[in-house]
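In UniProt numbering, the protein residues as written are 1 to 118.
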């Protein structure tokens with residue numbers, strides 16, 4: 001039985017998105033998933049939730065390096081350390097970035113959960 005969306009932790013929710021990206025974003029492509037996460041973040045913040053506050057800073061600390069990219073660029077740098085030619089990635093690189101994105105997001109949320117647990 002699937003847990004009600006309102007009862008899921010953020011980690012559970014995003015694990016669900018990871019398993020079924022096409023249910024949340026047409027085609028389940030990276031650009032759509034990035035837009036979905038940005039929308040999720042903005043909605044949460046507007047309605048009093050933490051959203052993904054601190055996510056970009058966490059990625060910068062994880063990389064031990066900064067650049068002028070937003071969080072999506074930092075994820076690409078981590079997933080593709082040898083670089084990439086275009087933001088519209090070939091299928092193999094896109095799959096790699098999506099996998100790394102959700103792994104990093106889960107790690108970030110797990111750390112944040114641990115920091116707020118008494």
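Even for Gly, the Cβ is constructed at its ideal location relative to N, Cα and C.
Taking C-alpha positions only, residue 87 is separated from residue 52 by approximately 22 angstroms. In the three-state DSSP reduction, residue 66 falls in the coil class, being neither helix nor strand.
For residue 49, no alpha helix (DSSP H) encloses it, and the DSSP letter there is neither H nor E. Within the model, the alpha-carbon separation for residue 109 versus residue 57 is close to 13 angstroms. Within the same chain, and ignoring the five residues on either side of residue 70 in sequence, the residues whose Cβ sits closer than 8 angstroms to its Cβ are 56.
DSSP places residue 77 inside the alpha helix (DSSP H), whose first and last residues are 71 to 79. Annotated three-state conformation of residue 89 is coil, per DSSP. Within the same chain, 5 come within 8 angstroms of residue 13 by CB-CB distance, once the 5 residues on both sides are set aside. Taking C-beta atoms as the reference points, residue 96 and residue 80 count as a pair closer than 9 angstroms. Residue nearest to residue 115 within the set 83, 66 and 54 is 54 (criterion: CA-CA distance). If you check the CB distance, residue 72 and residue 34 come in under 9 angstroms.
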